[in-house]
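Numbering (this note's numbering), first residue to last: 15 to 695.
One structure is given here, and the rest of the page talks about it.
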Amino acid sequence: MTSPPAAAGIPAAVRDRAQVLREALETHNYRYYVLDAPSVSDAEYDGLFRELQALEQEYPQLLTPDSPTQRVGATPSNAFAPVTHRAPMLSLNNAFADADVENFDRRVREGLDHESVAYAVEPKFDGLAISMTYEGGALVRGATRGDGYTGEDVTANLRTIAAIPLRLHGRADRLPPFIEVRGEVLMLKRDFEALNAAHAAAGEKTFVNPRNGAAGALRQLDPKITASRRLHFFAYGIGAVEWGAAAPPATHDALMQRLADWRFPVAAERDVVQGLAGLLDYYRRIGAQRTALPFEIDGVVYKVNDLAQQASLGFVSRAPRYAIAHKFPAEEMLTEVLDIDVQVGRTGALTPVARLKPVFVGGVTVTNATLHNEDEIRRKDVRIGDTVVVRRAGDVIPEVVRVLVEKRSGAEREFAMPSQCPVCGSHVERPEDEAATRCTGGLVCGAQRKQALLHFASRRAMDIEGLGEKMVDQLVEGNLVRTPADLYKLGVAALAALERMAEKSAANLHAGIEKSKRTTLTRFIYALGIRHVGETTAKDLAQHFGKLDALLAADEAGLLEVRDVGPVLAASIRQFCLEKHNRQVIDELRAAGVTWPETEQAAKSAGRLTGMTFVLTGTLPALSRDSAKELIEQHGGKVTGSVSKKTSYVVAGVEAGSKLDKAEELGVPVIDEAQLLAMIE
Ligand code: IVH
């Protein structure tokens, strides 16, 4: 800490207290902004800050420019004045492909006449290069890169960046008398999001990316505005330096450690690696972390670690031979929305998709980007003809991030969700509490066809053996099946003509389809694939209505009477039943011979088997084990696993085993499937 110029007349206790407060505030500041590990609350910090402010007000002689209270000042007269860098700020050559890195490493090895070289590796920050001059440990000037030789004075703005030390930390006699610290000013992703959200809410211009946000903040005439934009800083090197009493570091890595000791933020991701393999491995490692980092990077930088080796390699034109930037593909680019289409997904959700003027982003050419749903389009206010920021990070689907409203000509068109499914023409609905708009033509919609058929055939629905994913793909793609009703029109010959389908398996599948015709109302309702209707609801509906036509005719009020059916479910069922395409398929299914035992309304039929306990054994001719169980339960009966004196009936099929013997032994009546059905119908 520099001593105040005129300490005369200040009580020693006050001077000491001011010193303690400054050091405490600097340390808290460092812990908060650089280490991201605060050790006091905001309120405690504010208390210390105000105490120091009060002392400085009472004893103005105490005040030094590097006091933590002096970060935000008035606009200085030298704002943006030219500043000549003592050592020029050069640029880096770029590598894009692995081969470029290979060449770089080869040239370095040849230049040094070494087999393998150690490299310091670090992220390439996507911000603005700046140079800060410290004299006697105090920040005296900060400047932009400019043309590399002369930049602009932005000292007052840089002082507001909490992560930048106003004084180098450490013993005064060990600090360099003069040093240019080089690094990158940037905006953290979260601060950028908050800034843009605030600007959008206030109807002000938003920024394309954090880099532009940072540039805008640094170019403010009023440092108070810069301060409010929350900039961050990372040091990555130095320019001119006089080391003074301290020994100069021997490697870039040691230099970075020195910068960290002085309390500059340095990349936690930096490392030292060996040779080409080490470089390429680092590139992939950081690439995988890129999206998760709190700041934007556009690549990684490789630097020969040994500073003497760096010096011996020197420069070509304006870039060093000892370093190179290995760039990542840009994740965000600007392009134009040519149109907005709607895609229908496997579950019937309608997704608006922006058709884009082709643009190279994230390493591939992008022509489409998802707009997710109607609310997202409204929130981002995306219109046809807009200039937009498109983002593609990793393997995720490209996305429209935001619109550049200032680029509008007035000819842009707003998008409206269609009222009918673009694939099948069925009505679309948007349930009140959902973001998605959906097609209601579950049984007929081409987009939902495969999913609908798989569900229809699944074990707990119609239980069609042999109708798996591959088979459904073939049937749908070969245009043999459009709706579940078409399944029942398939002959053995048509099935046998399918790829990899032997005569025998075709016959088996055909038999499976035929067998599924005899089912239960619960299974049939479940098989329809009505949104939100799972097995339990299907069972409740079957029990409540007893007959399919009663369900189809029920209005929402009627549906709400069913156990556990709420408004969302009732609306979904009603929508499904009203869609005429769905009704047509149901009629066709019935016409094809799909049947189930129907009952009168639940109230009247329930209990026909009440109080009775059944045990199932052997293979029944039509009903599967599950269907028979459901049927019995639907009529109030119970199904248990073992025969006892309490068993009312044993229902026996082919190859009934020991349970049949047990029944005979205990004198429990044995019936077959037909007798069971007769008890109900
Ligand atoms: S070293 C002599 N290291 O990339 C080389 N630069 O073209 C000095 N940058 O504008 C640069 N991250 O601002 C270096 N870790 C890093 C960097 C980095 C970003 C920027 C730098 C410069 C550009 C180089």
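Beta carbons are placed, not taken as given, at the ideal position from N, Cα and C, and that holds for glycine.
Everything numeric in this text was worked out from a predicted model, so none of it was measured.
Each residue's CA atom was taken as its position, placing D275 and A425 some 57 Å apart. Within the segment 111-150, the runs of beta strand (DSSP E) that reach at least 3 residues and sit entirely inside it are, in chain order, 132-139 and 142-149. If you check the CB distance, D285 and V135 come in under 8 Å. When C-beta atoms of the segment 171-179 are compared with those of the segment 219-226, fewer than three pairs fall below 8 Å, so the two segments do not count as touching. Within the segment 557-635, the complete beta strand (DSSP E) runs of at least 3 residues fall at 627-631. Looking at T613, T654 and L634, the one whose alpha-carbon comes closest to that of G625 is T654. According to DSSP, L200 shares a beta bridge with H246. Here V378 is actually not in contact with T365; their C-beta atoms are around 20 Å apart, not less than 8 Å.
At the C-beta level, V358 and A461 come within 8 Å of one another. In the DSSP assignment, H469 is bridged to no other residue.
Looking at V419, R335 and I311, the one whose alpha-carbon comes closest to that of G376 is I311. As DSSP reads the structure, H441 sits in a beta bridge with Q434. When rounded, the separation of the alpha-carbon atoms in V255 and F192 is 6 Å. Pairing L565 with I539 gives a Cβ-Cβ distance under 8 Å. Beta-bridge partners assigned by DSSP to D167: A157. Rounded to the nearest angstrom, the gap between the Cα atoms of A670 and G681 is 16 Å.
DSSP lists T633 as the beta-bridge partner residues of V668. Going by C-alpha positions, V629 is about 46 Å away from H441.
For the pair R332 and S105, the CB atoms are nearer than the 8 Å cut-off. A straight line joining the alpha-carbon of A186 with that of S55 spans about 30 Å. In the structure shown, the three-state DSSP call for M270 is helix. Residue burial annotation: Q71 is exposed, with fewer than 16 other C-beta atoms found within 10 angstroms of its C-beta.
A contact between stretches requires three or more CB pairs, one per stretch, nearer than 8 Å, and the segment 684-691 meets this requirement with the segment 634-644. By the 16-neighbour rule on beta-carbons within 10 angstroms, Q234 is buried.
When rounded, the separation of the alpha-carbon atoms in A383 and P611 is 50 Å. Non-local beta-carbon contacts of C591 in its own chain, meaning distances under 6 Å to residues more than five positions away in sequence, involve L566 in chain order. Taking the Cβ of E136 as the reference point, at least one heavy atom of the ligand IVH falls within a distance shorter than 7 Å. Looking at the DSSP output, E346 bridges to R405. In this structure, A363 is the residue among L245, G292, A363 and G165 with its C-alpha nearest to the C-alpha of E448.
In this structure, DSSP gives P498 a helical state, which the three-state scheme calls helix. A residue is called buried when at least 16 other Cβ atoms come within 10 angstroms of its Cβ; G251 meets this threshold and is buried. Taking 8 Å as the cut-off, the Cβ atoms of I398 and R416 do not count as close.
Between N596 and G455, the beta carbon gap of about 7 Å places them in contact (Cβ cut-off 8 Å).
Here the distance from the Cβ of R159 to the nearest heavy atom of the ligand IVH is below 7 Å. With a threshold of 7 Å, the Cβ atom of Y59 does not count as near the ligand IVH, since no heavy atom of the ligand is closer than that. Around the beta-carbon of V668, fewer than 16 other beta-carbon atoms lie within 10 Å, marking it exposed.
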